[in-house]
Amino acid sequence: MALKDIRMPKLGESVTEGTITTWLVKEGDYVNKYDPIAEVMTDKVNAEVPSTFSGTIKEIVVKEGETVAVNELICYIETDDEAEGKVDESADNSEQPAKETETAANKQEKSGYKGVKERKNNRYSPAVIRLASEHGIDLETIEGTGLGGRVTRKDVLRAIEAGTQPKKEKTMPEKAKKELTAPPEKQAPAVVHKQDREIPVTGVRKIIAENMVRSKTEIPHAWMQVEVDVTGLVKLRNKVKDAFKEREGFTLTYFPFFIYAVAQALREFPELNSTWAKDKIIQRHEINLSIAVAKENELYVPVIKHADDKNIKGIAKELNRLVEKTYAGKLTQDDVSGGTFTVNNTGVFGSVSSMGIINYPQAAILQVEKIVKRPVIIDDMFAARDIVNLSLSIDHRILDGLIAGRFIQRVKDILENMNEDTVDI
Amino acid sequence: MAELSYIEAINSAMREEMERDHSVFIIGEDVGAKGGVFRATDGLYQQFGEQRVIDSPLSESAIVGVSVGAAMYGMRPIAEIQFADFIMPAVNQIISEAAKIRYRSNNDWNCPITIRAPYGGGISGALYHSQSVEALFNSTPGLKVVMPATPYDAKGLLKAAIRDNDPVLFFEHKRAYRLLKEEVPDEDYVLPIGKADVKREGSDVTVITYGFGVHLTQLAADAVEKDGISVHLLDLRTVYPLDKEAIIEATSKTGKVLLVTEDNKEGSIIGEVAAIIAEHALFELDAPVMRLAGPDVPAMPYAPTLEKEFIINEQKIEKAIRELAAF
Amino acid sequence: MANKRHVALGLTDDDVLEMYRTMVLARKIDERMWLLNRAGKMPFVISCQGQEAAQVGAAFALDRNVDYVAPYYRDVGVVLAFGMKAEELIASGFGKAMDPNSGGRQMPGHFGQKKNRIITGSSPVATQVPHAVGFALAAKLEGKQFVTFTSLGDGSTNQGDFHEALNFAGVHKLPVITFVENNRLAISVPYDKQVASENIAIRAKAYGMKGYKVDGQDPLAVYEVVKLARERAINGEGPTLIEAETIRLTSHSSDDNQSVYRSEEELEEIKKNDPIILFGNYLKEVGLLDEVKIKAIDDEINRQVNEATEIAEKAPYPKPETLYDYVYEQ
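Here the protein sequences come in this chain order: A, B and C. Numbering follows this note's numbering, with no gaps: position 391 of the first sequence is 391. To convert, take the position in the second sequence, counting from 1, and add 1000; that gives this note's numbering. To convert, take the position in the third sequence, counting from 1, and add 2000; that gives this note's numbering.
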């Protein structure tokens, strides 16, 4: 025995309610399934309502003349047995809650944002970007409350209202500055005394300063030095210098010989002819040697292009040309760009040992010190020889002692082998 | 004021217009003594006689074509197509003729016809008594397509359609006929064709829809309101031509837009709404435009399980709203 | 002197001369448009040649002050009789702004002019028949005394709209005359591939109306039967279907070449039934015309057509910005 509901059926398309006009049974009557139990009137149709169960009418809930919505309870019936089973799906489909069918249906309707992965800050909607830029909001600082931590329009609006977000600079470029500008100096302003002289930092001095700072702060410098016996070179040069001067019109100094040796050695050791590029090291194909040239208070660094293609005379000529241009103030952008390795003539100042600052973004710098006569021991005997120090600073990210040593040894070899017999100017 | 059902509102609109203007008449199948298969013209035959409530032969093209002729002469016919699904034979007369009469005659002739038809499913109407057909007409300049969502709107818009000097298609959702009831003024009032209506103000999610979708969205909105989600509901009312300004404004309100239609998804009216949003309101969007529509199967089937799978209901709308709100 | 048939029909001598002139004008406008088309000045022409008698005879039987017409694309004779001017027709061929049918928006042959009660037409054929029935329905509902006349070709009578409209008219006994100008060709498709029944007029029975077959080359015969149909309509006796047997002298349109499907012999043969010659003969027989008068009329019409061509040629085209006007009421 079970108590079951009998409900107002749906008697036609678009019918939503019905009125019980007459009950054909009363409480206590026994009915068979499909026996008519009431007459119902709707807008479209008048009909008899059949019983959905066999059993005894227990309680009439809706009175004659009452209007109820489709599927509302109209009476209770006590059934014979449990065998009635489930209520048919077909009873009424307009009021039942929809079942969530995760079936092939969703093949059609790929509803919503199933493709959204957990991503924090990479997906800004057009509204978010617009509002942020209009109000100078830094989106990186906003906590996103949207799907996967997405910053939503509301989040930005809230931030705007709160007004406490740090404002982005209007002119904030990604690549921040040009290569020449240095990181800001964290220094207290210097005190100037009455008799001190203030020289404004402008032009080349400013650029040099910036370059130096950049080089020193970015590149981990390491340094080594070797002694080179250039006795043969000295003799050679002394022998040819007058004829050279007459023939070419300018003085042949020692420096071209050193440049030549470096250019040749770089051919064998391209590691020193490279540059650090964060996630890679770029080894330059061309060997363009930067030469530091001092003009009064200013340092210029013209470049001998393709130095390895030139012989000593060629290097001498090019060097002379560039130096003259420097003094004349006629160096072009092209003259000073493209350098891959720097050779510095510090000997001309009288230096015998110096630690060069690498010409950013190169990998190394070689300083050629002063050639001096020294007593050395050869075959356990004293001899007077012309000795010069070569000082090499390297970018220790790219180079280490081994490779630097090999390179500089090669330079040394080339130089120590230069003499009247081996070199023809 | 009286409480009228959607179909009563439509009936009263026709009655009042026929009382007011003798050139208004009704023509269609079974509109006379029977009062229409849904009883939309109930009582009108008795009141106005067979001259003004004409039982036509079973010829949709003639129902519309003859009405087009009478309209050109200067009358205001209300042509009823028994089910929107059966409007197909009349499409030539609607699109080639009615829509183009003013334009093709360079304003010499015009065609003040109103064509009414019940559309939509959820009443076991199956493939040929449940269709939405508005998408067929939504690229036809010269035509207007109106789909009211409430009894109040239905009355005001039908009056506007009858008084309009250009052809208007008026689609009535059959589920709404007796289900929707509200207070409707007794006085004469007309609502503007071509203007959408904000049915509910909100700040979290914008839902743009029309027809029965409006009622279902209201139910869904009530449900999510309990969880603090506030829905902004725009009822298009006229689905062609669309009220672009209202669409843009409603989009800007929240930046999250859900478009709802009972029609098949691809090619439906809401595709055009989405295009308008993409074109004019891209920088208001906080989420991709979401569309909820009938699936791309030919039509709504008979079996209740299949019909329920097809049809848009308040649960599906609620689910979509929640997803969009969370985005 | 031959029997003056026209007098028995209630037509005066002036009436029939007017009919003749209208037919000649229709012909000459048509010929001029073909010329302009072949000269590359007019994109499209569609002809009335061969059907002038049927058209003019029918039009004259109507009351051109109150009746409405929904013609089809060949009905130059009908619209001239109902008041359209030669220059207006030629302007419509050019697509000029002065075109009263559509302001240059429609191709020629798509007639419409409200002040002359010519109902606007389109390209899908037979759609005008339900429209005409609609006008007739309005006449009945409003208690107005006018008749609506619609015409179409034999091919178009097979459209669903023909069937639906005539059935409707028959059921409601409406004052509408359906006039089929049967030239036995629908572009290239001949009658026996087009119509299942032996003629079109017998279909009338199925639509509960009277049907008549008439010699379309004799304007007086056509006049008689249309007049009768009109009286019947006015008296509330309902609609009539009239089939006028006629000929098409030209190709379907300027985009058609009928030599592909019509033989030289056939074309030579049908020229013998040129209605202008036939009616001219009648008028000569009854002493209203002679060669001199015919020439005079010819010259007069030529001048008229020349003037009309000039006016139409000089007239401006519609301005581009007018494209956007009148989609809806403004």
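Note that beta-carbon positions come from the ideal geometry of N, C-alpha and C, so glycine has one too.
*asked:* Helix, strand or coil, according to DSSP, for SER1328 (chain B) in the structure here?
replied: Any property of residue 1328 (chain B) remains undetermined from this structure, which presents chain B solely from 1001 to 1327.
*Beta carbon of ASN1106 (chain B) nearer than 8 Å to that of SER2102 (chain C)*: yes
*Pairwise C-alpha distance: LYS4 (chain A) and GLU39 (chain A)*: Going from the Cα of GLU39 (chain A) to the Cα of LYS4 (chain A) covers about 20 Å.
*Spatial neighbours of PRO976 (chain B) within its chain, please: CB distance less than 6 Å, with the 5 preceding and 5 following residues excluded, ordered by chain position.*
The structure shown does not extend to residue 976 (chain B), since chain B is modelled only from 1001 to 1327, so the question has no answer here.
*Below 8 Å on the Cβ atoms is my guess for ALA263 (chain A) versus ILE287 (chain A); work out the distance and round it to an integer in Å.*
6 Å
*Could you please give me the residues that DSSP links to ARG374 (chain A) through a beta bridge?*
A:ARG385
*Should VAL368 (chain A) and THR346 (chain A) be called a contact, given that it needs their Cβ atoms to be closer than 8 Å?*
yes
_At the 8 Å Cβ level, is LEU1372 (chain B) part of the contact set with chain A, yes or no?_
Here chain B comprises residues numbered 1001 to 1327, so residue 1372 (chain B) is not present and cannot be evaluated.
*Give every residue of the same chain whose Cβ lies closer than 6 Å to the Cβ of PRO2316 (chain C), excluding the five residues on either side of it in the sequence, and list them in chain order.*
Hits under 6 Å: ALA2097.
*Would you kindly work out how many angstroms separate the C-alpha atoms of ILE1101 (chain B) and VAL1168 (chain B), rounded to a whole number?*
13 Å
*Straight-line Cα distance separating VAL2180 (chain C) from TYR2191 (chain C)*: 13 Å
*asked:* Please give the ranges of any alpha helix (DSSP H) in the segment 1056 to 1096 of chain B, keeping only runs that are unbroken, at least 4 residues long and fully inside the region.
replied: 1060 to 1073
*Tell me the start and end of each unbroken alpha helix (DSSP H) in the segment 2230 to 2274 of chain C that is at least 4 residues and wholly inside, in chain order.*
Qualifying alpha helix (DSSP H) stretches, in chain order: 2264 to 2271.
*Is the CB of GLY428 (chain A) under 8 Å away from at least one CB in chain B?*
Given that chain A is displayed from residue 1 to residue 425, the structure contains no residue 428 (chain A) and the question cannot be resolved.
*State the Cα-Cα distance for the pair GLU227 (chain A) and THR141 (chain A), rounded to the nearest angstrom.*
58 Å
*asked:* Can you check whether the C-beta of ALA1160 (chain B) is within less than 8 Å of a C-beta belonging to chain C?
replied: No, because no Cβ of chain C sits closer than 8 Å to the Cβ of ALA1160 (chain B).
_Closer than 9 Å at the beta carbon, the chain C residues around ASN1107 (chain B)_ = GLY2103, ASP2325, TYR2326, GLU2329 and GLN2330
_Rounded to whole angstroms, what is the Cα-Cα separation between MET8 (chain A) and LEU73 (chain A)?_
6 Å
*C-alpha gap between TRP23 (chain A) and GLU1272 (chain B), whole angstroms*: 54 Å
*Let me know if LYS1256 (chain B) comes out buried or exposed under the rule of 16 or more other beta-carbons within 10 Å of its beta-carbon.*
buried
*Is the Cβ of PHE2044 (chain C) closer than 8 Å to any Cβ of chain B?*
no
*asked:* On the DSSP letters alone, give me the boundaries of the beta strand (DSSP E) that ALA2 (chain A) sits inside.
replied: ALA2 (chain A) -> beta strand (DSSP E) spans 2 to 7.
*Check each residue of the segment 321 to 353 of chain A: if its Cβ is closer than 9 Å to any Cβ of chain B, include it; give the result in chain order.*
none
*Give the interface partners of ALA1154 (chain B) over in chain A, defined as CB-CB distance under 7 Å, in chain order.*
What ALA1154 (chain B) touches in chain A: nothing, since even the nearest Cβ is about 15 Å away.
*Specify, as a first and last residue, the run of the alpha helix (DSSP H) that TYR327 (chain A) falls within.*
312 to 328
*Enumerated in chain order, which unbroken segments of the alpha helix (DSSP H) with a length of 4 residues or greater are wholly contained in the segment 2017 to 2067 of chain C?*
2052 to 2061
*asked:* Nearest by alpha-carbon distance to GLU1249 (chain B): which of B:GLY1202, B:PRO1295, B:ILE1081 and B:ARG1020 is it?
replied: B:GLY1202
_Short Cβ contact (8 Å threshold) for ARG1104 (chain B) with ARG2027 (chain C)_ = No, the Cβ-Cβ distance between ARG1104 (chain B) and ARG2027 (chain C) is not below 8 Å.
*Just the chain B side, please: which residues come within less than 8 Å of GLN2113 (chain C) by C-beta, in chain order?*
ASP1108
*asked:* Just to check my reading of the structure: THR1150 (chain B) and GLU1172 (chain B) have Cβ atoms closer than 8 Å, yes? What is that Cβ distance to the nearest angstrom?
replied: Contact flag wrong, Cβ pair sits at about 11 Å.
*Specify the secondary structure class of GLU1003 (chain B) as computed by DSSP and reduced to three states.*
strand
*Buried or exposed: which applies to VAL2066 (chain C), given that a residue is buried once 16 or more other Cβ atoms fall within 10 Å of its Cβ?*
exposed
_Spatially closest choice to GLU1060 (chain B) from B:PRO1288, B:ILE1081, B:ALA1278 and B:GLU1008, by CA coordinates_ = B:ILE1081
_Less than 8 Å between CB atoms is the rule here; does GLY1255 (chain B) satisfy it with respect to chain A?_
At a cut-off of 8 Å between beta carbons, GLY1255 (chain B) contacts chain A.
*SER215 (chain A) - DSSP class collapsed to helix/strand/coil*: DSSP, reduced to helix, strand and coil, places SER215 (chain A) within a helical segment of the structure shown.
*Just the C-alpha distance for MET1054 (chain B) and GLU2264 (chain C), rounded to the nearest angstrom, thanks.*
As written in the sequence, residue 1054 (chain B) is Ile, which differs from the Met given in the question. Rounded to whole angstroms, ILE1054 (chain B) to GLU2264 (chain C) spans 53 Å at the Cα level.
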